Each structure stands twice: as C-alpha cells, then as structure tokens.
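Worksheet: one structure, shown below.
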Amino acid sequence: APEPSSETPACQTRIDSLEHVLSKKQKPPSLQLSARGHWSTWPAFASRQTVLQARCAPGEGRPRKKQALLTTPKPRYLEQLESYLRKELQSLDLTKKNAQELKLQPYREIFESFIDNFKTYKPLLAAIKNEYEATLAHQKKTIRALEPLKATVTTLSEECTRQRPALQEKEKDELNMLKQEKQRLLKLIENMKEENCSLQTQVEHLQRSVAEEYTRYLKEHGARKLLLAKLNNAHNERLEATGHQVQDTKGEAVVKLTLALKVARQDLTRAHVKLNAMIADYGDVVPRRDFESLEKKYSDLLQEMKDLQKDFEQLHKQHETLLETHRETEEERDHFRAELQWVQGNCTPRPSWAKCSEVIPGGAERWGRLAEGRSSDQLVDVLLEEIGTGALKDINVFPGLGKGDNVPVYQRHEGEVQNKKLTKKDVVNILKDVWKEKIALEQQTGKRFSLPKFFLNYLQKKHGDTAAMEWSYTLYENMRLCRSNHVLSSFYDALSGKAGEEQYHSQNQLIANLRQELAACDSSNSGALTSEQLRQALREAFPLKRRESIQELVDASRYKLDSTEDLINYVSLFEEDEEGNAEPFVAKLRSQYVREKQEYLRELKNTLGDLTEVKADDLKVAFRVIDPDIDDQTLGTYIGLAYQVHGEQPEAAVPVETVLERLLARDVRRVGPSPR
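The sequence shown runs 6 to 681 under the numbering used here.
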C-alpha cells in the first residue's frame with residue numbers, strides 16, 4: 006500500500022477508482038497500476054498538454070475527466086525537486102575535465118531523497134541505485150586500467166604506420182626487380198623457342214629435299230634398266246643378222262671364227278649381265294660426296310639444336326630457382342615482420358641512460374663520451390665497469406692464488422698482495438708499453454715469447470721481484486673489470502689464452518694501413534676528405550667489404566658533423582683519449598672485423614652441414630668452397646690453428662664446435678670475394 010504521508014486525498018480517490026476499475030478485469034496490469042496509481046497524482050503526460058490539444062481535430066470532444074487530469078498542477082514535492090536540480094546544475098562549472106561526474110551528483114542526491122520519501126519501494130530503488138553505482142565504479146576502474154594500454158596502442162600504431170611505407174617501398178622495389186628479371190627471362194625463352202622453331206623448319210626442309218632427290222634417283226634407275234634392256238635386244242638382233250650373213254663361209258677359218266665369235270658373244274653377254282646387275286644394285290646409291298655433305302650439315306644442325314635445348318633447360322632451372330628464392334624471401338620477410346611486431350609488443354622499453362650522468366664521476370660530459378655509439382648491452386658493461394672500478398679502489402689487498410700448476414705464472418703467490426690502486430690511464434699506458442717492449446724484443450731476436458712469462462718478466466724488471474706480484478694482481482683485476490676498453494680487454498684475452506696475440510696486432514695493422522690509404526688520397530695534405538673521397542678510399546682499402554659496411558664507416562666518421570657539412574677530418578678519426586678509448590670510427594672498424602670473422606666461420610659451419618666431427622681434408626674442401634681464392638699457405642695456417650699442429654698433416658677428426666672455437670680465437674679472415 007502507498008504511504009499515507011506522501012499521498013493527497015485526491016490522489017487516494019483516484020487510486021481507489023483505478024483499483025475499482027482494474028479489479029473488474031481478469032488480468033490487471035500491475036505495472037501500470039503501480040506506475041500511475043501509487044507514485045504520483047500528477048499525470049506524466051501533463052507536460053505535453055499543448056501537443057495533445059494540437060493533435061485533436063476540430064469538433065472532436067474529449068471526456069471532461071481527461072481534460073481535468075491534463076490541467077492538474079504539479080505536486081509540490083516534484084516542483085521542489087526540479088527547482089533544486091536546476092539550481093545545482095546552474096551552479097556547476099561544466100568546463101572542467103570531470104564535468105560529467107559533477108553533473109551526476111545532483112541527480113544522485115535527488116534520487117536518494119526520492120528513495121527516502123517512498124519507504125515502500127525504498128529497498129527496490131536502493132538496490133537499483135546500488136547496482137548502477139557498482140556498474141559505474143566497475144566501468145571507471147576498467148577505463149583507468151585501459152588508459153595505459155590506449156597510450157601503448159597509440160604508440161605502436163604510430164610506429165607501425167611510420168615503418169609501413171619503408172617496408173612497402175622496399176618490398177615494391179624487390180618485386181619490381183623480380184618482375185623485370187622475369188620479363189627478361191620470358192623474352193629470352195621466347196627468342197630461344199623461335200630459334201628452335203626456325204631450326205626445326207630447316208630440318209624439315211632438308212628432309213623434303215632428300216626425299217625428292219631419292220625419288221629422282223629411283224626414277225633414273227628404272228629408266229636406265231629399260232634402256233639397257235632395249236640395248237641388249239638390239240645388240241642380239243644385230244648379232245643374229247650378222248650370223249646369217251657368214252653362214253655360207255667355208256673352211257676351218259670360218260669354223261674357228263664362228264667359235265671365237267660365239268665365245269666372244271658369251272663373254273659379252275656375261276659382261277652385260279654383270280653390268281646390268283651392278284647398275285640394278287647401285288642405281289639408287291647417293292654419291293659419297295653428297296652423302297657426306299648432307300650428313301655433316303645434319304650433324305651440325307642436330308648439335309646446335311641440342312645446345313639450344315641445353316641452354317633452354319638451364320634457363321628454365323634458373324627461372325625456377327629465382328621463383329624459389331623469391332618465395333623464400335617473402336617467407337623471410339613475413340617472419341621478420343612477425344618478429345618485429347612481437348618485439349615491439351613484448352620487449353622491455355629502453356631505459357633512460359641519461360640518468361647515469363648524475364652518478365658517474367665526471368658528470369654528463371664524461372658519460373656522453375662513454376655512451377657515444379654504444380648499444381644498451383654495452384652501456385650495461387660500462388656501468389658494471391664503473392661500479393667494479395669504484396669498488397676496486399676500496400680494496401687494499403688481494404688474496405694470493407697459491408703456486409699450483411693451474412695458477413697462471415704471473416699470479417703464483419701465497420699470502421696477501423697489496424693493491425696499487427691504479428687509474429685506468431695508468432693501466433692503459435703500462436699495457437701499451439708491454440706490447441711495445443714485446444714487439445721490439447721479438448723483432449730483435451726473431452723469436453716468439455709467451456705473453457704471460459714476458460708480462461711477469463717485464464714487471465720484475467721494472468719493479469723488482471717483490472713488487473712485481475702487486476703490480477700483476479692490480480693490473481689483472483683492472484683488465485678483468487674493464488671489458489669495454491679495447492686495450493685492456495684485448496690484453497686480457499691474449500693473456501688468459503682466450504684469443505691469439507695476432508688478433509690485436511692484425512687489427513692495429515688494419516687501422517695503420519687504412520690511415521696510410523687516407524693520407525694517400527689527401528693530395529693537398531690538408532688532413533680532411535669529403536664523404537665521397539673517404540668512401541672511395543675505404544673501397545680501395547677494403548675491397549671485400551659490403552656496401553652496407555662501407556656506409557656504416559662513413560656514417561661513423563660523420564657523427565660530429567652537421568648534415569650540411571661534407572669535409573671530414575680523417576686524422577681525428579684515429580685519435581684516442583687518455584684512457585685508450587678510440588673514436589666511433591675505429592670502434593666500428595673493430596666491430597666489423599669481429600662480425601666478418603663470425604660470418605666467415607658461420608658459412609664454414611653451414612658448408613660442413615650435419616657433421617659432428619671433421620677431418621683435415623674435409624675442412625680444406627669446406628674452406629675452398631666458401632673461399633675459392635684462398636692460397637695453400639693461408640689454408641695450411643688455418644688448418645694448423647684448427648688442429649693445433651705445426652707443419653704436419655693431422656690424422657684424427659676433431660669436433661666441429663672445437664674447430665670453430667679455435668678459429669674464432671685466432672686471426673682468420675676471408676682471402677677472396679664470396680662465391681655468392
């Protein structure tokens with residue numbers, strides 16, 4: 006039942022009349038009753054009174070009771086609610102970002118007041134309100150969770166949109182090149198087909214000519230037979246006539262002559278028979294000269310046709326190979342595109358390396374010099390070096406490793422060893438001096454010396470036997486920590502046996518040769534070259550490098566220049582700072598040296614296939630396959646490095662991985678251009 010406090014007498018009267026009318030029906034619409042009978046006496050359609058009157062045709066009457074309902078005024082409580090709503094909405098600042106939430110608050114307060122006044126429907130209305138509030142809270146939470154994803158999706162979409170034209174352009178160029186090659190091959194095939202048809206026509210024409218000649222010779226053979234038969238008959242008739250004339254001759258002479266004539270006739274007859282037989286047997290024979298000429302011409306045409314057929318098959322195979330290469334290229338492109346999308350969606354964002362300048366000694370200037378041209382992985386190594394060298398300064402003594410055979414000769418010591426606390430500059434200078442002394446001694450004596458023993462002898466000579474171990478341990482720890490410094494890392498690898506000494510000397514010789522080549526191109530001795538001159542000098546110095554590698558070196562040489570400048574100071578490209586760090590140009594040259602060696606050995610591994618162990622002869626064959634221009638001396642050197650023998654032919658097979666590891670640690674380079 007409705008609340009008496011919220012109903013007027015007129016409302017109660019209308020409710021009773023409606024209940025009385027609806028009770029007479031079999032199925033009263035309870036929803037309509039509750040909507041129009043219990044909630045308000047003022048009709049919901051009162052605000053549309055003017056519209057309803059406009060729709061009525063002139064002369065049509067309406068019940069007075071309906072007209073009375075249309076003119077009924079609004080309830081006071083409804084007017085209060087509407088007035089409060091208008092005031093609250095007018096007082097709001099709808100220009101703010103959360104204007105919709107502010108606008109919702111007055112409606113929420115009116116709805117709560119409405120629920121409190123209608124106590125009968127309060128549980129249902131409160132449940133409806135709570136459900137709406139829970140739904141709104143859930144939607145807000147969902148929106149807040151999706152906002153970061155929206156930014157990520159926007160970033161990925163922009164990146165993909167930016168990269169799509171480049172990929173499409175690259176793919177378009179490749180497709181155009183393949184289409185042009187296909188058209189060229191198709192045209193070549195059509196030309197060969199036309200030549201084949203022309204040769205076939207010539208062969209058919211020659212066959213017809215031979216058939217006509219054969220028919221003509223056959224007819225001549227028949228005519229000759231008939232002519233010989235007529236000649237024989239005429240001769241016999243003539244002989245018979247002559248025999249009748251000499252029949253009357255008397256005496257022995259006549260008999261002898263008759264007998265001689267008879268014998269002569271018999272001989273003549275046999276000769277004619279033999280001649281006729283020979284003519285009959287050899288009448289259709291072609292002269293040897295004509296036969297040999299036709300046979301030679303036929304052989305030449307047949308050989309030419311076979312050559313054309315072979316060329317056609319080869320071109321067909323090349324065309325199929327190009328189609329297969331195109332298909333593999335498309336698959337590789339799709340794979341890289343999928344991998345790129347996966348990397349873009351799953352990889353961790355790059356850290357802000359600029360923050361490191363706040364904690365690295367030397368500030369932003371030193372950090373910028375350390376981070377120049379380095380990848381994220383290399384920057385992590387730099388940070389670890391800074392942390393390690395900082396911690397190394399706090400260590401006063403190192404524990405000795407003992408004097409066992411497994412301890413390197415330059416670290417054989419028992420007890421504690423004092424830390425000399427050297428700077429990186431001091432370490433670099435000492436190691437460079439060690440290299441210089443060792444090279445000079447080897448050139449003077451003509452002998453090779455072990456680097457660990459020479460290192461210890463050098464320190465003993467400079468600082469005495471007692472302090473040599475202190476310097477050795479201090480230098481070793483600095484080399485072990487500073488892996489990004491080329492001087493320290495290369496000396497450490499050579500000292501520990503991870504790489505051969507010739508790698509360090511080979512890279513230095515490579516850089517020295519390039520410097521001489523650039524100086525030779527500088528005809529004016531100005532110390533500067535244009536980008537094109539530098540590119541040409543790099544091509545002459547490194548004829549085996551790909552164009553991409555040459556372009557990388559050119560870009561590394563221009564890292565300090567503006568886009569408008571084209572004059573490169575090539576002398577400054579080879580400079581080093583006080584800690585032995587080279588410029589990006591030299592660093593790129595060294596990284597290309599390592600990358601090219603790795604690619605060379607990767608080709609060697611692919612050529613060996615699925616072999617787990619390899620013999621020396623098989624390794625030689627693989628080297629000649631990937632590097633046809635390699636000479637015997639260089640090949641013998643590589644085989645000796647792989648099997649660790651000198652001047653003798655290895656017999657036993659060695660695991661492929663072991664061979665590749667040994668070659669990777671030594672100076673192994675391509676001699677000639679790749680067959681590909």
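Cβ atoms here follow ideal geometry from the backbone N, Cα and C, with glycine treated the same way. All figures in this text were calculated on a predicted structure; none of them were measured in a lab.
Item to complete: Compare the beta carbon distance of V432 and N483 with 8 Å and say whether it is the shorter of the two.
Response: Going by beta carbons, V432 and N483 fall inside the 8 Å limit.
Discussion item. One question on the structure: do S477 and Q416 come within less than 8 Å of each other, judged by their Cβ atoms?
Written reply: yes
Worksheet item: Rounded to the nearest angstrom, how far is the Cβ of V676 from that of I635, given a contact under 8 Å?
Response: With a Cβ gap of about 4 Å, V676 and I635 count as contacting.
Fill in: DSSP bridge partner residues for G407 (one or two, in chain order)
H418.
Item to complete: May I ask which residues mark the beginning and end of the alpha helix (DSSP H) holding T642?
Response: Counting along the chain, T642 sits inside the alpha helix (DSSP H) bounded by residues D637 to Y648.
Worksheet item: Any idea what DSSP makes of A533, helix, strand or coil?
Response: In this structure, DSSP gives A533 an extended state, which the three-state scheme calls strand.
Item to complete: Would you list the residues sitting across from L572 in a DSSP beta bridge?
Response: T535
Discussion item. Ignoring anything shorter than 4 residues, give me the alpha helix (DSSP H) runs that lie fully in the segment 540 to 624, in order along the chain.
Written reply: Counting only runs that start and end inside the segment 540 to 624, the alpha helix (DSSP H) elements of at least 4 residues fall at 552 to 562 and 589 to 613.
Worksheet item: Would DSSP call P678 helix, strand or coil?
Response: coil
Practice prompt. Compute the Euclidean distance between the alpha carbons of K426 and I555, then round it to the nearest angstrom.
Written response: 42 Å
Discussion item. For A627 and T612, which I take to be in contact (beta-carbon distance under 8 Å), what is that distance rounded to the nearest angstrom?
Written reply: 4 Å
Worksheet item: At which residues does the alpha helix (DSSP H) containing K684 begin and terminate?
Response: Because the chain is modelled from 6 through 681, residue 684 falls outside the range shown and cannot be assessed.
Worksheet item: Which ranges does the alpha helix (DSSP H) cover as unbroken runs of at least 4 residues, wholly within the segment 290 to 374, from first to last along the chain?
Response: 293 to 351
Item to complete: Output the distance between the C-alpha atoms of G407 and T334, rounded to the nearest integer angstrom.
Response: 58 Å
Worksheet entry | Alpha-carbon to alpha-carbon, T125 and P34 | At P34, the pLDDT of 33 sits below 50, so the modelled position is not reliable; the number obtained from the coordinates is stated separately. Taking the straight line from one Cα to the other gives about 19 Å.
Practice prompt. Please report how far the alpha carbon of H418 lies from the alpha carbon of P404, in whole angstroms.
Written response: 9 Å
Worksheet item: Which stretch, first to last residue, makes up the alpha helix (DSSP H) that contains Q654?
Response: Note, Q654: premise wrong, no alpha helix (DSSP H); not H, not E.
Worksheet item: Would L480 pass as a contact of C487 if the rule is Cβ separation under 8 Å?
Response: no
Item to complete: On the DSSP bridge assignment, give the partners of Q423 in chain order.
Response: V402
Discussion item. With a threshold of 6 Å on Cβ separation, who are the neighbours of A542 within its own chain once the five nearest residues in sequence on each side are excluded?
Written reply: Closer than 6 Å at Cβ, skipping near neighbours: E522, L523 and C526.
Worksheet item: Could you give the C-beta distance for D289 and L223, rounded to a whole number, given that I count them as a contact under 8 Å?
Response: 6 Å
Item to complete: Alpha carbon to alpha carbon, how far is G393 from H651? Give it in angstroms, no decimals.
Response: Computed Cα separation, rounded: 41 Å.
Discussion item. Tell me which residues share the same chain as E683 and place their Cβ nearer than 8 Å to its Cβ, disregarding the 5 neighbours each side in the sequence.
Written reply: A query on residue 683 cannot be resolved here, the shown segment of the chain reaching from 6 to 681 and no further.
Item to complete: Put P660 into one of helix, strand or coil per three-state DSSP.
Response: strand
Discussion item. Does P680 pass the burial test, meaning 16 or more other C-beta atoms within 10 Å, or should it be called exposed?
Written reply: Around the CB of P680, fewer than 16 other CB atoms lie within 10 Å, so the residue is classed as exposed.
Worksheet item: Looking only at C-alpha atoms, which of Q173, S489 and L436 sits nearest to L389?
Response: For the residues Q173, S489 and L436, the minimum Cα distance to L389 belongs to S489.
Worksheet item: Given 8 Å as the limit, is there contact between the segment 549 to 563 and the segment 450 to 467, that is, 3 or more CB pairs closer than that?
Response: Contact fails between the segment 549 to 563 and the segment 450 to 467, because fewer than three Cβ pairs, one in each stretch, are under 8 Å apart.
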